[in-house]
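Numbering (the working numbering), first residue to last: 116 to 267.
Structure representation (structure tokens):
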């Protein structure tokens, strides 16, 4: 019988703004988190992620590398961000040249268990619970479904 290699969650190499609240356990590394943000428990925010001021990230959210989130945003429970589109039929693995970035504007709310592929989302957008955003959103409004479509 073999013992596994144990890796620990941690907060490493994070640049925090003023008055940030973090509820542990979390795994935050190599990212930047703006002033007056809230990070809930069981959240992972990877390196090269930037989170703007006054943004809340609720529990169980996963924000992968190459994501930028604006100011006054709300990322709900279990929201997932994707940077690998499996363009070659499988995971890119360590080949980061195949990864794509995501840009989230200001005043954007992303609902529970929404999935955000590498896209750009403009300011003043609501993404409904369970929605899958597969294309850029260039017009403010409410988007729901799979794939996400504007309903108002």
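C-beta atoms are modelled at their ideal positions from N, C-alpha and C, and glycine is treated no differently.
Beta bridge counterpart(s) of residue i as assigned by DSSP
i           : result
residue 143 : 126, 160
residue 264 : 259
residue 137 : 154
residue 224 : 189, 241
residue 116 : According to DSSP, which records beta bridges pairwise, residue 116 is partnered with nothing at all.
residue 248 : 231
Residue of the options minimising C-alpha distance to residue i
i           : options            : result
residue 160 : 169, 140, 150, 151 : 140
For residue i, three-class secondary structure by DSSP
i           : result
residue 212 : helix
residue 269 : Since the displayed the chain opens at 116 and closes at 267, residue 269 lies outside it and no answer follows.
residue 170 : coil
residue 253 : coil
residue 201 : coil
Under 8 angstroms between C-beta atoms of residue i and residue j
i           : j           : result
residue 232 : residue 249 : yes
residue 174 : residue 164 : no
residue 241 : residue 224 : yes
residue 148 : residue 132 : yes
residue 170 : residue 152 : yes
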